[in-house]
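If you're matching positions, the sequence shown starts at 68 in this note's numbering and goes up one per residue. Even glycine gets a Cβ: it sits at the ideal position worked out from N, Cα and C. Structure first, then comments.
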Amino acid sequence: MLKSHIASVHGLMLGFLVLSFGSSSHASESFPSIEELMTDNQQCETSISSLSAEQIKALDKWLITYTA
């Protein structure tokens with residue numbers, strides 16, 4: 068169940084990012100951190116809350132690259 072919820076949340080985030088940020092240069096300037104996009108509950112459910120600041124920064128960078 069958790070995997071399907073994570074996949075659902077991941078899909079929603081990627082859809083939002085693709086629609087909101089057209090190019091990678093624009094995306095990197097205006098990308099909200101994944102922590103801003105997810106509720107506290109979602110962060111706990113997906114274990115995002117257990118990541119270090121460096122890991123979150125790397126994930127944000129990957130999301131920008133992946134969705135641009």
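- Around the beta carbon of Thr134, 16 or more other beta carbons lie within 10 angstroms, which makes this residue buried.
- Note on geometry: alpha-carbon atoms of Gln110 and Ser100 lie some 12 Å from one another.
- Exclusion of the five residues before and after Leu118 leaves Leu126 as the residues of its chain whose Cβ lies within less than 8 Å of its Cβ.
- The three-state reading of DSSP puts Ala135 in coil, since its state is none of H, G, I, E or B.
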